[in-house]
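FYI, in UniProt numbering the residues of the sequence shown are 1 to 228.
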Amino acid sequence: MIVLENVSKIYGKNSVGLEGVSLRIEAGEFVSIVGQSGAGKTTLAKILMAEEQPSSGKIKIGDWDITRIRSREIPQLRRQMGVIFQDYKLLPKKTVYENVSFALEVAGDSPRHIREVVPQVLKIVGLEEKARRFPEQLSGGEQQRVVIARSLVHRPKILLADEPTGNLDTLNTRDIMDLLVKINAFGTTVVLVTHNREVVNALQRRVIMLRDGRVESDQAHGKYTLSI
């Protein structure tokens with residue numbers, strides 16, 4: 001469960017990222033956060049992953065109040081929340097297997113645990129046959145699947161996907177969205193931040209639209225209707 005209570009983020013006198021945002025996302029939901037450029041989508045994503053702190057308001061993820069999270073606590077939060085970015089951030093000199101296992105290695109997991117988990121998540125994303133390939137040998141869609149696999153290694157309760165299909169063509173976009181729906185069906189809460197109206201409208205799930213840092217609409221089975 002994610003709860004925001006009157007959350008604002010002010011960058012400067014004339015720069016408002018979020019203003020008085022209150023919303024509640026239940027465990028197991030699939031929610032799309034949409035809006036035009038500058039609406040506050042990226043700010044909201046950064047606050048949820050504790051990359052930035054709000055200027056005011058309260059944020060809870062599960063039973064944990066992260067409003068003023070300490071730096072040493074952020075790794076623990078990131079294990080509960082898998083994050084997918086538009087740019088893949090893969091290590092070019094490591095194989096698919098090594099890119100995924102690296103996330104466990106830096107967390108101090110045992111070699112035995114790594115050998116168990118990595119094949120499991122690669123199977124979920126359909127890359128078990130390409131474990132020894134390097135990123136440059138993969139298509140854009142396959143590289144994004146590696147990112148998704150990496151985000152799943154800690155079995156997160158929440159998956160935050162920030163423009164995950166921004167660099168993909170229509171076919172790969174559809175494949176990635178099908179995969180996110182599959183992950184959501186396992187019980188993982190998925191928060192999708194996107195400006196892609198076709199993706200959002202095809203999902204027919206909950207849609208929260210931001211405009212000028214505020215929640216303009218919140219529809220249980222909504223569509224992304226651009227308003228000027």
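A virtual CB, placed ideally from N, CA and C, is assigned to each residue, including glycine.
- Look at the segment 58–92 and you find these whole runs of alpha helix (DSSP H), each 4 residues long or longer: 74–80.
- When DSSP states are grouped into helix, strand and coil, residue 39 belongs to the coil group.
- Contact between the segment 34–41 and the segment 153–160 is absent: fewer than three C-beta pairs spanning the two stretches fall below 8 Å.
- By the Cβ neighbour-count rule, residue 122 is buried, with 16 or more other Cβ atoms within 10 Å of its own.
- About 5 Å separates the Cβ atoms of residue 59 and residue 4, confirming a contact at the 8 Å cut-off.
- Residue 192 holds the alpha-carbon nearest to the alpha-carbon of residue 42 among 205, 220, 201, 192.
- By the C-beta density criterion, residue 53 is exposed, having fewer than 16 other C-beta atoms within 10 angstroms.
- In this structure, 194 is the residue among 182, 194, 150 with its C-alpha nearest to the C-alpha of residue 167.
- For residue 127, the secondary structure class from DSSP, reduced to helix, strand or coil, is coil.
- In the DSSP assignment, residue 211 falls within the beta strand (DSSP E) that extends over 206–211.
- In the DSSP assignment, residue 202 falls within the unbroken alpha helix (DSSP H) covering 197–203.
- Close CB contacts of residue 201 within its chain, under the 8 Å cut and outside five residues either way in sequence, are with 223, 224 (chain order).
- According to DSSP, residue pairing for residue 176 in a beta bridge does not occur.
- Annotation: the continuous alpha helix (DSSP H) that includes residue 98 extends over 96–105.
- Take residue 128, set aside five residues on each side of it, and the residues of its chain with a beta-carbon closer than 7 Å to its own are 119, 122, in chain order.
- Excluding sequence positions up to five before and after residue 215, its CB lies within less than 8 Å of the CB of 21, 22, 23, 208, 209, all in the same chain and listed in chain order.
- Residue 55 places its beta carbon 8 Å or farther from that of residue 124.
- Pairing residue 211 with residue 132, the inter-Cα distance amounts to about 44 Å.
- By the criterion of a C-beta distance shorter than 7 Å, residue 12 is surrounded by no residue of its chain, once the five residues flanking it on both sides are discounted.
- Taking one beta carbon from each stretch, the segment 170–184 and the segment 143–154 have 3 or more pairs nearer than 8 Å; the two touch.
- Excluding its 5 nearest sequence neighbours in each direction, residue 114 has C-beta neighbours in its own chain below 8 Å: 101, 104, 105, listed in chain order.
- With fewer than 16 other beta carbons inside 10 angstroms of its own, residue 186 counts as exposed.
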